[in-house]
């Protein structure tokens with residue numbers, strides 16, 4: 002027995018050694034993971050500007066001009082927008098050439114009323130084909146801006162046309178992307194987009210949606226706001242007039258010549274889609290613009306304000322909080338989501354916002370001393386990208402606005418039992434056309450393939466699963482979030498949405514009714530780089 | 005003097021072996037469900053969550069069995085090893101719920117490795133009462 006025990010003791014010592022080595026390996030592994038991980042996590046890579054950046058909170062907040070209609074007679078209000086290059090001063094003293102709607106960034110705001118149709122004639126004076134899409138609009142398919150329904154420029158008649166006679170061969174990732182689409186409706190120079198606007202009042206936005214080149218086109222400036230209102234919302238007594246502020250938040254980076262930096266494989270944005278390898282997951286900029294101004298400041302009364310916030314960034318997520326000089330956080334009272342008013346207000350201390358999401362928020366400056374500053378910061382940002390904008394309270398003022406306990410009673414109450422179909426859809430990285438890309442259900446976008454076919458009026462539950470951050474957007478319809486990560490939705494999932502943010506490894510269940518119009522629509526990831534690199538699919542309503 | 009009976013694993017030892025074995029099987033399912041889930045199969049997340057409940061519960065049962073082994077057989081190492089695995093599983097559970105994947109993935113791999121080592125340890129020789137073995 003003694004010999005046996007000696008052997009045991011030896012093996013026990015050895016065992017301790019082995020155990021210690023394994024323990025050290027485990028500790029080293031976990032420490033490395035903790036050190037290398039992005040905490041908070043984000044998807045994408047940040048470009049660094051090559052010009053000196055201005056200090057924060059100096060530039061006044063611009064408010065996009067409201068576009069005057071060219072005609073209001075007859076069945077619809079008519080507007081005209083020219084898409085053209087313009088040289089704009091974004092950073093003080095620096096000229097930046099943008100692609101714009103009517104020469105400004107953001108483009109002009111279109112004010113519209115529920116049920117009053119609007120026709121916008123877009124004229125393309127840019128060097129590339131364009132497609133205009135009204136995000137969040139309940140729009141007939143022919144005006145929804147399908148990515149191959151191009152408006153060709155005068156200068157290069159057939160460039161990039163899906164029905165063109167030759168597709169440049171030999172380009173990598175998007176090779177199959179220049180694929181023909183027999184259903185494409187291509188026009189030359191101009192196109193009328195008609196929006197019935199038979200939908201809940203909300204903040205919409207219009208932006209370029211061209212096949213393969215949406216991300217760089219938005220980055221260069223092709224984005225603007227459209228607001229839908231109705232009498233019921235006007236009667237609520239919410240802050241209005243100068244106390245209603247649309248805020249389009251977007252990040253950009255600037256090259257040494259003052260132009261916008263973007264890692265496009267084809268700087269002409271004509272033939273070869275995609276971005277350089279390090280930016281495949283998304284392009285982030287180090288300058289935060291609000292309504293086209295870097296880290297602006299806005300003078301306000303000590304009163305309630307209605308902030309209509311849009312995250313128009315290609316890939317950057319925000320977690321916004323409003324902090325006073327004393328470090329105290331101001332409540333952000335959410336009254337509306339992507340598709341209009343909530344049933345009742347929801348109070349947030351911070352507001353997570355994925356690309357293309359909109360939040361309608363009331364902030365009350367009444368308790369801020371005159372002269373005090375409230376800064377809006379992004380908890381997910383680092384360095385200069387942490388600051389977003391600031392408000393300076395400059396005067397006491399009367400405030401007759403209010404936040405009703407009941408905001409709306411027309412939200413759809415679809416139940417799981419109403420659903421005639423449940424679909425599982427995965428959003429993840431993968432191989433496409435011999436390169437790396439982003440896939441839905443294992444497949445990259447193909448305009449000629451019907452991915453989801455549903456009947457007009459059908460209610461469906463979609464179960465979405467993501468590998469990294471994917472803000473998933475459905476055209477035509479609004480939806481409600483049923484669950485997130487197998488648990489009840491989060492506070493900011495309230496209301497009717499058209500874009501839902503999936504975080505790494507997360508799943509979300511949404512429910513919607515496909516109604517309004519028949520035709521070919523889309524659903525896609527609204528990380529604009531992912532969208533250009535395959536993460537888009539057809540939604541056919543029959 | 006060793007009796008034949010004393011050189012055999014007792015019911016206490018067999019209980020620990022059974023729980024460790026079940027625990028190992030349960031935890032082996034977790035990466036399977038996680039992988040299938042990330043392929044887009046929504047239901048697998050629920051299975052991953054059920055698997056987490058089962059594995060964690062078995063972890064606590066294993067801790068109880070290990071305490072009994074400690075008391076009856078005077079062997080403390082199963083309890084100490086089980087405590088480490090249970091602690092890891094508890095952290096693992098909340099890391100999963102919080103979506104802290106940087107922690108959840110490596111810790112999961114390490115937990116499975118640790119449990120496999122325990123599986124080998126409880127099966128490679130009889131679990132005997134220390135006095136009997138030392139007698």
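Residue numbers (the working numbering), protein chains in the order written: chain L, 2 to 543; chain F, 5 to 139. Glycine included, each C-beta is placed from N, C-alpha and C at the ideal position. As the structure is a prediction and not an experimental result, all values here were calculated from the model.
Within 10 angstroms of the beta-carbon of residue 98 of chain F lie fewer than 16 other beta-carbons, which makes it exposed. DSSP, reduced to helix, strand and coil, places residue 352 of chain L within a strand of the structure shown. Per DSSP, the beta bridge partners of residue 125 of chain L are L:84. Listed as beta-bridge partners of residue 136 of chain L by DSSP are L:206.
Residues of chain L whose Cβ lies closer than 8 Å to the Cβ of residue 132 of chain F do not exist; the shortest such Cβ separation is about 11 Å.
Our two residues, residue 26 of chain F and residue 62 of chain F, have alpha carbons roughly 7 Å apart in a direct line. When Cβ-Cβ separations below 8 Å define contact, residue 464 of chain L makes contact with chain F. Nearest CB-CB separation between residue 507 of chain L and chain F: below the 8 Å threshold. Look at residue 295 of chain L here: in three-state DSSP terms it is strand. Interface with chain F (8 Å Cβ-Cβ cutoff): residue 494 of chain L is excluded. Residues of the same chain with a CB within less than 6 Å of the CB of residue 212 of chain L, apart from the 5 flanking positions on each side, are 148, 149 in chain order.
In this structure, residue 119 of chain F and residue 28 of chain F form a Cβ contact; the two beta carbons are roughly 5 Å apart against a cut-off of 8 Å. DSSP, read as helix, strand or coil, puts residue 471 of chain L in strand.
Among the residues of chain F, those whose CB is under 8 Å from the CB of residue 31 of chain L are 107, 110, 111, 114, following chain order.
A distance below 7 Å between beta-carbons, with the five flanking residues on each side excluded, links residue 240 of chain L to the following residues of its chain, in chain order: 305, 306, 307, 363, 402.
Counted as a single uninterrupted DSSP element, the stretch harbouring residue 365 of chain L is not any alpha helix (DSSP H) but the beta strand (DSSP E) occupying residues 359 to 365. Between residue 261 of chain L and residue 45 of chain L, the beta carbon gap of about 16 Å keeps them out of contact (Cβ cut-off 8 Å). At a cut-off of 8 Å between C-beta atoms, residue 46 of chain F counts as an interface residue with respect to chain L.
In summary, the residues of the stretch 431 to 442 of chain L whose CB is separated from some CB of chain F by less than 7 Å are 442, in the order they occur in the chain.
Taking a cut-off of 8 Å for Cβ pairs, the stretch 320 to 339 of chain L and the stretch 295 to 302 of chain L do not touch, as fewer than three such pairs fall below it. When C-beta atoms of the stretch 504 to 524 of chain L are compared with those of the stretch 456 to 465 of chain L, three or more pairs fall below 8 Å, so the two segments count as touching. Listed along the chain, the chain F residues whose CB falls inside 7 Å of the CB of residue 427 of chain L are 43, 44. The bridge partners DSSP lists for residue 523 of chain L are L:539. Two segments are said to touch when three or more pairs of C-beta atoms, one from each, lie closer than 8 Å; by this definition the stretch 382 to 394 of chain L does not touch the stretch 431 to 444 of chain L.
Assignment of residue 211 of chain L by DSSP, reduced to helix, strand and coil, places it in the coil class. Contacts between residue 12 of chain F and chain L, judged by CB atoms closer than 8 Å, are missing: the closest CB pair is about 17 Å apart. Residue 144 of chain L sits in a helix when the DSSP states are folded into three classes. When L:144, L:329, L:247, L:63 are compared, the shortest CA-CA separation from residue 523 of chain L is found for L:144. Under the DSSP assignment, residue 510 of chain L falls in the beta strand (DSSP E) whose first and last residues are 508 to 514. With respect to chain L, the C-beta atom of residue 50 of chain F has a partner C-beta closer than 8 Å. Straight-line measurement puts the Cα of residue 17 of chain L at about 16 Å from the Cα of residue 79 of chain F. Using a Cβ-Cβ cut-off of 8 Å, residue 355 of chain L does not count as an interface residue toward chain F, since no Cβ of chain F sits closer than that to its own. Residues are counted here when their Cβ sits less than 8 Å from a Cβ of chain F; for the stretch 473 to 502 of chain L these are 486, 487, given in chain order. Ranking L:222, L:71, L:133, L:75 by CA distance to the CA of residue 81 of chain L puts L:71 first. Its chain contains 343, 347 as the residues whose beta carbon lies nearer than 6 Å to that of residue 495 of chain L, once the 5 sequence neighbours on both sides are disregarded; these appear in chain order. When Cβ-Cβ separations below 8 Å define contact, residue 39 of chain F makes no contact with chain L.
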